[in-house]
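Trainee:
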Amino acid sequence: MQFTLIELWGHMGPFAKAVVFALAFMSVSSLIIFGERLVVSLKSRAASREFAEKVGPLLARGEFEGARAATRGKDEIGYLGRVIGAGLAAYASSAPSRLPADGHQRDGVFESVSRALERQAQREVLSLKRGYGLLATVGSTAPFVGLLGTVMGIVTAFQQMAVAGSGGLGTVSAGIAEALITTAFGLLVAIPAVMAYNYLQGWIDARAIDISESSNEFLDIVAKRLDGRLSSTTTEEEAA
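The sequence shown runs 12 to 251 under my numbering.
#1: Would you call P154 buried or exposed, if buried means 16 or more other Cβ atoms sit within 10 Å of its Cβ?
#2: Given G98, which residues of its chain have a CB within under 6 Å of its CB, disregarding the five upstream and five downstream residues?
#3: Taking C-beta to C-beta, are G197 and V156 nearer than 9 Å?
#4: With the cut-off set at 9 Å, would you say A41 and A204 are in Cβ contact?
#5: So for I44, helix, strand or coil by DSSP?
#6: Label V166 either buried or exposed according to how many other C-beta atoms from any shown protein chain fall within 10 Å of its C-beta, with 16 as the threshold for buried.
#7: How would you call G239, buried or exposed, if buried means at least 16 neighbouring beta carbons within 10 angstroms?
#8: With contact counted as at least three CB pairs below 8 Å, one residue from each stretch, are the segment 185-195 and the segment 215-224 in contact?
#9: Compute the Euclidean distance between the alpha carbons of S55 and S138, then round it to the nearest angstrom.
#10: Taking DSSP as the reference, what is the three-state secondary structure of K28?
#11: When you compare each of A101, G46 and A27 to R130 by their alpha carbons, which one comes out closest?
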């Protein structure tokens, strides 16, 4: 027997072939998830950058209505656009046209915006992580699936040696080679899956920082706007 893949496949038992098919399915699934998540992530990042370039100057000037209009009825605003849009919506629904001088309502508006930003940020991170569980599962279990095929293959090889009534390396070498193929295949499946998962997880961590920083910047703008309204209201009351 020649130790080629075709020869080894022809001599594999049903269990080893089932293991190979299972690993092949895991490999294809992980590659599909990685490709889909990579495309979605890059598109969302590009849309978020475009949103920041367009809406950032509006927010800096305090033009909240113009910034909110940029988030209405548009899907391609990225994760950043959806987070800031949630904050703008919370501000519009909770901020009155005139704030009381004691500042209690100001604090309520600020807290409402802060909670809206935090909730939407968590939703966006979870959405970006969709499918990561499968990558982690493939990366952690594929070697063990391959090892299972190896163990069963070695058991089969020794059973064949017992039936033949003869020992020696030549008797079991073919069976052991067939069995070890499943372990090698399991490692070939697991290594790319682990690399893909680590890459995407690092990307998500970076985006989470971007969202947090942008949310804090937006809260600073909201605080300045609320402080300006409070000062204006107080001045008008004192003048009256």
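Just so you know, even glycine gets a beta-carbon here, dropped at the ideal spot from N, CA and C.
As the structure is a prediction and not an experimental result, all values here were calculated from the model.
Mentor: The short version:
#1: buried
#2: V124, A127, L128 and F229
#3: yes
#4: First, the residue type needs correcting, since residue 41 is Ser and not Ala in the sequence shown. Result yes, Cβ atoms of S41 and A204 sit closer than 9 Å.
#5: Per DSSP, reduced to three states, the secondary structure at I44 is helical.
#6: So V166 ends up on the exposed side.
#7: Residue burial annotation: G239 is exposed, with fewer than 16 other C-beta atoms found within 10 angstroms of its C-beta.
#8: no
#9: 11 Å
#10: helix
#11: A101
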